[in-house]
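In this note's numbering, the protein residues as written are 13 to 211.
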Amino acid sequence: MRENEDGPNGSANHDPSDAEALARRAVQRDAGAWEQVFELHYRHVFAFVRYRLRSGEEAEDIASQVFEVAYSRADRFDYRGVPIEGWLIGIARNLVRDHIKKLGRRGIDDEFDDSLELSEPDQSDAIGLRRDLLDAMRGLTGDQRQVIELRFLLDKSVLETADLMNRSEDAVKNLQRRALTAMQRALVSDGYPGSGGAE
13 MRENEDGPNG SANHDPSDAE ALARRAVQRD AGAWEQVFEL HYRHVFAFVR
63 YRLRSGEEAE DIASQVFEVA YSRADRFDYR GVPIEGWLIG IARNLVRDHI
113 KKLGRRGIDD EFDDSLELSE PDQSDAIGLR RDLLDAMRGL TGDQRQVIEL
163 RFLLDKSVLE TADLMNRSED AVKNLQRRAL TAMQRALVSD GYPGSGGAE
């Protein structure tokens, strides 16, 4: 069993020396290290993938593939202070992009999951808002979207987001502010009331 590897929200301790030691063991394809990497990061990788795909089963498959790909490419990972989770999210993004392209070739052009299974009809307004939020996100730059996903989907702090994106905290704050402002403009243009500023 692991001893105190998770913080209060199930996240890994942020001791850089521990993270680097785990990454170095993972590069050597140490089975125990990969079990620990999976336990620490699967939930966030799955959440990232599931947010973007229609099917929960497809999301599970791709989230598992992320770790298979990472293991097969372990010797290419260079720690250099970049968390292993950032590398895993990068692999997840590429696998999701490839999957979406395949769906597009089959005539399915919406990568996001708009087909929530709801038992209560009065939740239709929530579905509409969710679609509008996703539409607003599509208008963001790649970096802006990544900040929103990490900060609000995966509940990462500014510091964690900066580490995962290999950027400064100020850069993350600026990207987040611009992203939220752009999303607010898009939502206001869709008829939602303004809130007096997204900053």
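Yeah, the Cβ is synthetic: ideal placement off N, Cα and C, and Gly gets one too.
Keep in mind it's a predicted model, so treat the numbers as computed, not measured.
Quick one: any contact between the stretch 98-116 and the stretch 142-153, if contact means 3 or more CB pairs under 8 Å? no
Own chain residues within Cβ distance below 6 Å of A9, not counting five before or after | Outside the shown range of the chain (13 to 211) lies residue 9, about which nothing can therefore be said.
Self-check item: Minimum length 4: unbroken alpha helix (DSSP H) runs contained in the stretch 41-78
Solution: 43-64
**Asked** Which term fits R62, buried or exposed, when burial requires 16 or more other beta carbons within 10 angstroms of its beta carbon?
**Response** The residue you call residue 62 lines up with position 50 of the sequence shown. Buried is the call here.
Note to self: At the level of alpha carbons, what is the spacing between L192 and F50?
What the structure shows: Sequence index remark: in the sequence shown, residue 192 carries index 180 (1-based). Sequence index remark: in the sequence shown, residue 50 carries index 38 (1-based). In a straight line, the C-alpha of L192 is about 32 Å away from that of F50.
_Can you list, in chain order, the residues of its chain with a C-beta nearer than 7 Å to that of Y83? Leave out the 5 residues immediately preceding and following it._
For the purposes of this step, residue 83 is taken as residue 71 along the sequence shown, with counting starting at 1. Result list for Y83: R41 and W46, in chain order.
**Q.** Rounded separation between A71 and D155 - CA only
**A.** Position 59 of the sequence shown, counting from 1, holds the residue named residue 71. Position 143 of the sequence shown, counting from 1, holds the residue named residue 155. Taking the straight line from one Cα to the other gives about 22 Å.
Residue closest to A183, alpha-carbon to alpha-carbon, out of D167, V200 and Q158: Translated into positions along the sequence shown, residue 183 becomes position 171. Nearest Cα to A183 within the set D167, V200 and Q158: Q158.
inquiry  = Measuring only the C-alpha atoms, how far is M13 from Q48?
reply    = What you label residue 13 is simply residue 1 of the sequence shown in a count that begins at 1. What you label residue 48 is simply residue 36 of the sequence shown in a count that begins at 1. Summary for M13: the model assigns pLDDT 35, below 50, so the residue's position carries little reliability; its value from the coordinates is reported in the next sentence. Their Cα atoms are separated by approximately 10 Å.
Measure the alpha-carbon distance for R105 versus I96 and round it to whole angstroms.
Along the sequence shown, one-based indexing puts residue 105 at 93. Along the sequence shown, one-based indexing puts residue 96 at 84. If you take the alpha carbons of R105 and I96, they lie about 14 Å apart.
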